[in-house]
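Structure record follows, encoded as structure tokens.
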Amino acid sequence: MRKSLLCILLVLLLIPSTLGARNLFEVGLGVSGIYDTNGSEDMERFLEGMAHGENWTLGVGLNARLSILDVSFLAMLPSGSDDGEQAMSLLSGVALQIPLVTDALYVSVGGGLTTIFSYAEGEAEARIAGRAVSDVTFGDVVVESPLHLRFGLDVLIGSAKVGFFYLVDTEATIGGFQEAGGWADLFQSTGNEKVGMMMQLALF
Numbered sequence: 167m168r169k170s171l172l173c174i175l176l177v178l179l180l181i182p183s184t185l186g187a188r189n190l191f192e193v194g195l196g197v198s199g200i201y202d203t204n205g206s207e208d209m210e211r212f213l214e215g216m217a218h219g220e221n222w223t224l225g226v227g228l229n230a231r232l233s234i235l236d237v238s239f240l241a242m243l244p245s246g247s248d249d250g251e252q253a254m255s256l257l258s259g260v261a262l263q264i265p266l267v268t269d270a271l272y273v274s275v276g277g278g279l280t281t282i283f284s285y286a287e288g289e290a291e292a293r294i295a296g297r298a299v300s301d302v303t304f305g306d307v308v309v310e311s312p313l314h315l316r317f318g319l320d321v322l323i324g325s326a327k328v329g330f331f332y333l334v335d336t337e338a339t340i341g342g343f344q345e346a347g348g349w350a351d352l353f354q355s356t357g358n359e360k361v362g363m364m365m366q367l368a369l370f
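Numbering (our numbering) for the sequence shown: 167 to 370.
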């Protein structure tokens, strides 16, 4: 049974690569401009906010794709707060890239972890997910980091890719799934939603 499932998964990954010239495996490096909507619910406030530089963050991303399965890491560069604290977010996720027009236009649907690294003046060490680095294990980061959902539209231009994406921070964590009703938090937004534009170049 397990071998059959592995074979089916392998076939599903290989089929899209036979429909066009896109490489089966690809690694890319990109930059993103990310706009924090600050919970704007009407179009006027949304557009007005785009004119303020403090609502924008620069991101650097690394992607690895196997057929339609895409693994990504997006580091949003540090931003400061009024109390002098510096914070950087790392978004690590997995998404499916579904072709709308083969080798030209793809829709991306996925999600992953949002891990926040912060450092405040006067503190001896940085903090991860609100806790001192020395007190946190890798397992803690995976279990306690909030989850985000990501939806995108990518246009391929040779070895380059231009994309637009929408990020939704949710109330859910992997650890919370063990509790009754924890899965419902995956569809509860924190109100911290972002839109972004991305340019990526395939390295190989």
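Glycine included, each C-beta is placed from N, C-alpha and C at the ideal position.
Proximal residues to residue i (C-beta, below 7 Å), its chain only, five neighbours per side dropped
i	result
N204	G215, N221
L130	Outside the displayed span of the chain (167 to 370) sits residue 130, for which this structure offers no information.
F212	T203, S206
Backbone secondary structure at residue i - three-state DSSP
i	result
L178	Residue placement at L178 cannot be trusted, given a pLDDT of 48 that sits under 50; what the coordinates show is reported in the next sentence. If DSSP states are grouped into helix, strand and coil, L178 belongs with the helices.
L300	First, the residue type needs correcting, since residue 300 is Ser and not Leu in the sequence shown. Helix at S300.
N221	helix
L369	coil
M363	strand
A292	coil
L171	With a pLDDT of 48 at L171, under the threshold of 50, the modelled position of that residue is not reliable, and the figure given next carries that caveat. Reduced to three states, the DSSP call for L171 is helix.
E251	coil
V190	According to the sequence shown, residue 190 is Leu rather than Val. It is coil, neither helix nor strand.
D320	strand
D335	strand
M216	coil
G341	helix
D306	helix
D351	helix
Spatial distance of residue i from residue j (CA atoms)
i	j	result
L178	L235	Reliability fails at L178, whose pLDDT of 48 lies under 50, so the model's placement of it is uncertain and the value that follows must be treated cautiously. The straight-line gap from Cα to Cα measures roughly 10 Å.
T428	L266	Only positions 167 to 370 of the chain appear in this structure, which leaves residue 428 out of reach.
F353	G277	12 Å
S300	V226	26 Å
A286	T303	21 Å
L292	A241	According to the sequence shown, residue 292 is Ala rather than Leu. Answer to the nearest angstrom: the Cα atoms are 16 Å apart.
P244	A338	24 Å
A217	Q344	42 Å
L232	G199	25 Å
Contacting residues, own chain, Cβ-Cβ under 6 Å from residue i (five flanking each side not counted)
i	result
R188	D269
V328	V321, M365
8 Å contact criterion, which residue i and residue j should meet: CB distance rounded
i	j	result
F239	L224	F239 to L224, Cβ: 15 Å. No contact.
T336	L315	6 Å
Q263	S284	That belief does not hold up - the Cβ atoms of Q263 and S284 are roughly 32 Å apart, past 8 Å.
Proximal residues to residue i (C-beta, below 8 Å), its chain only, five neighbours per side dropped
i	result
V308	L279, I340
A295	T281, I282, V302, D306, V307, E310, S311
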